[in-house]
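*Asks:* One structure coming up, written as structure tokens, with questions to follow.
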Amino acid sequence: MTFRTDHRFMVDVVFWYRPEGGTSSGTGTTDYPTDLIGTYTVDGDDVTVEFLPWDDL
Numbered sequence: 000m001t002f003r004t005d006h007r008f009m010v011d012v013v014f015w016y017r018p019e020g021g022t023s024s025g026t027g028t029t030d031y032p033t034d035l036i037g038t039y040t041v042d043g044d045d046v047t048v049e050f051l052p053w054d055d056l
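Mapping to numbering that gives the first Met the number 0: the sequence shown position 12 is 11, numbers consecutive.
Here is the structure:
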């Protein structure tokens with residue numbers, strides 16, 4: 000996770016899926032690495048996270 004200015008962050012994630020008939024996450028999966036961006040606010044003990052479209056960065 001990378002913290003950016005104005006309470007924004009970016010996190011690297013990898014989405015994967017198993018092809019039909021696959022038996023485990025390690026055999027024949029297709030990986031899609033990407034970044035998610037968002038904002039966060041802290042109010043006392045409460046933390047709110049909102050993911051944003053890339054256009055809003």
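Even for Gly, the Cβ is constructed at its ideal location relative to N, Cα and C.
Given F50, which residues of its chain have a CB within under 8 angstroms of its CB, disregarding the five upstream and five downstream residues?
*Replies:* The residue labelled residue 50 in the question sits at position 51 within the sequence shown. Cβ neighbours of F50 beyond the five flanking positions: L35, I36 and G37.
*Asks:* Return the bridge partner residues of T28 from the DSSP annotation.
*Replies:* For the purposes of this step, residue 28 is identified with residue 29 of the sequence shown, where counting begins at 1. T28 pairs with nothing; no bridge assigned.
*Asks:* Counting only the same chain and skipping the five closest in sequence on each side, list residues whose C-beta sits under 7 angstroms from that of Y39.
*Replies:* Locating residue 39 in the sequence shown gives position 40, counting from the first residue. Here the set comprises H6, F8, V46, T47 and V48.
*Asks:* Inspect the beta-carbon positions of V13 and P32 and report whether they are closer than 8 angstroms.
*Replies:* Taking the sequence shown and counting its residues from 1, one reaches residue 13 at position 14. Taking the sequence shown and counting its residues from 1, one reaches residue 32 at position 33. Their beta carbons are under 8 angstroms apart, which means V13 touches P32 by this criterion.
*Asks:* Run through DSSP, which three-state label would G37 get?
*Replies:* Taking the sequence shown and counting its residues from 1, the one referred to as residue 37 is at position 38. It is a strand residue.
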